[in-house]
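I have placed the structure first, in the form of structure tokens, so that the comments after it can refer back to it.
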Amino acid sequence: PTPSPTPEPTPSPTPEPTPSPTPSPTPSPTPSPTPSPTPSPTPEPTPSPTPSPTPSPTPSPTPSPTPSPTPEPRVEICHATSSKKNPYNKITVALSAILNNGHSGHVGPAWNGQVHQHAENNVWGDIIPQIVDSRTGVVLFAGLNADVADDWLARNCDPEATAAPTPSPTPSPTPSPTPSPTPNPTPSPTPSPTPEPTPSPTPEPTPSPTPSPTPVSYTHLRAHETCADLVCRLLLEKK
């Protein structure tokens with residue numbers, strides 16, 4: 077049998093490639109500017125509160141001591157009485173009893189034995205010494221009959237009494253002088269003997285040899301004869 081021809085394959089039409097649409101370039105995104113970080117505000121240091129000074133307690137004023145009242149001076153006086161036998165009494169009174177027309181009002185001369193008493197008041201007055209402030213020296217009261225006050229007060233205001241003798245001051249024993257100690261003599265240092273220098277021996281001069289006389293003739297001697305030689309020669313020849 078005749079082989080049937082092998083049908084050639086009909087080539088299928090090659091499909092034309094459908095052109096893919098060219099993609100439009102995607103615009104790259106414009107980078108948005110990165111915002112710079114806003115600096116956080118530096119916190120200002122909160123000032124520490126200044127401590128208010130603690131007020132020191134005001135010291136309470138020290139009360140000044142109340143000066144003690146100065147004691148009123150008391151004075152011895154001769155107070156006048158109405159008795160001629162006992163014209164005075166010696167009493168001690170405060171200053172206030174004298175001032176303000178107290179005893180200071182008992183004026184009159186001092187009793188002298190011839191003063192008489194009137195019916196109403198005494199004619200002799202009190203005897204009061206002068207009163208002086210011991211601290212300031214101010215005269216507080218001039219006194220009454222002050223010129224005789226010391227004498228009357230020494231007699232205890234008794235006109236017939238004798239004033240007690242003023243005791244003579246007892247002499248204080250004179251201290252015997254304390255003998256001053258006799259100082260021991262300071263021994264003077266014994267001087268050490270100064271060594272005498274040892275004399276170096278004086279070298280004895282070596283005697284030079286005496287030259288033996290050279291004999292000369294008699295005629296030579298006569299030629300050199302001196303007056304002394306002449307005298308000696310004549311004396312020798314005379315012998």
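Read in order, the letters of the sequence shown correspond to residues 77 to 315 in our numbering. Ideal placement from N, C-alpha and C gives every residue a C-beta, glycine not left out. Note that this is a predicted model, so its numbers are computed, not measured.
Measure from the alpha carbon of P163 to the alpha carbon of each residue in T290, L310, A299, A237, then state which is nearest. Position 87 of the sequence shown, counting from 1, holds the residue named residue 163. Across the set T290, L310, A299, A237, the C-alpha of A237 shows the shortest separation from the C-alpha of P163.
Restricting to runs no shorter than 4 residues, where is the alpha helix (DSSP H) found entirely within the region 153–229? 171–174
Please return the same chain residues whose Cβ sits closer than 8 Å to the Cβ of S172, not counting the five positions on each side in sequence. Here residue 172 refers to the residue found at position 96 of the sequence shown. Here the set comprises E148, G178.
Just to confirm, are H182 and D202 a CB contact at a threshold of 7 Å? To locate residue 182, count along the sequence shown from 1; it is residue 106. To locate residue 202, count along the sequence shown from 1; it is residue 126. Cβ atoms of H182 and D202: closer than 7 Å.
Less than 7 Å separating the beta-carbons of W228 and A156? Along the sequence shown, one-based indexing puts residue 228 at 152. Along the sequence shown, one-based indexing puts residue 156 at 80. Taking 7 Å as the Cβ cut-off, W228 and A156 do not qualify as a contacting pair.
Comparing alpha-carbon positions, which option in S159, F217, P139, T168 lies nearest I153? Along the sequence shown, one-based indexing puts residue 153 at 77. When S159, F217, P139, T168 are compared, the shortest CA-CA separation from I153 is found for T168.
Residue range of the alpha helix (DSSP H) that includes R309: Position 233 of the sequence shown, counted from the first residue, corresponds to residue 309. Per DSSP, R309 belongs to the alpha helix (DSSP H) from 303–314.
DSSP-derived helix/strand/coil call for R150: In the sequence shown, residue 150 corresponds to position 74, counting from 1. Judged by DSSP in its simplified three-state form, R150 adopts strand.
Which of the three DSSP states is assigned to R298 in this structure? Here residue 298 corresponds to residue number 222 of the sequence shown, with the count starting at 1. In the three-state reduction of the DSSP assignment, R298 falls in the helix class.
What whole-angstrom Cβ distance do L220 and I204 have, given they're in contact under 8 Å? By 1-based counting over the sequence shown, the position of residue 220 is 144. By 1-based counting over the sequence shown, the position of residue 204 is 128. Contact between L220 and I204 holds: their C-beta atoms lie close to 4 Å from each other, under 8 Å.
With a cut-off of 8 Å on the beta carbons, I'd call V356 and A186 a contact; round off their distance for me. The shown model of the chain, from 77 to 315, leaves out residue 356, and the question about it has no answer.
Roughly how many whole angstroms lie between the Cα atoms of H194 and K160? Counting from 1 along the sequence shown, the entry for residue 194 is found at position 118. Counting from 1 along the sequence shown, the entry for residue 160 is found at position 84. Here H194 scores only 49 on pLDDT, less than 50, and its place in the model is too uncertain to base an answer on.
What residues in its chain sit with their C-beta under 8 Å from that of N176, if we drop five residues either side in the sequence? Residue mapping note: residue 176 aligns to position 100 of the sequence shown, counting from 1. So the list is empty, once near-sequence residues are dropped.
Closest residue to L216 among T278, D305, V151 (Cα-Cα distance): Taking the sequence shown and counting its residues from 1, one reaches residue 216 at position 140. Checking every option, the nearest Cα to that of L216 belongs to V151.
Tell me the rounded alpha-carbon separation between G213 and P137. By one-based count along the sequence shown, residue 213 stands at place 137. By one-based count along the sequence shown, residue 137 stands at place 61. It is roughly 34 Å from the alpha-carbon of G213 to the alpha-carbon of P137.
For R231 and R211, what's the separation of their Cα atoms in angstroms? By 1-based counting over the sequence shown, the position of residue 231 is 155. By 1-based counting over the sequence shown, the position of residue 211 is 135. If you take the alpha carbons of R231 and R211, they lie about 29 Å apart.
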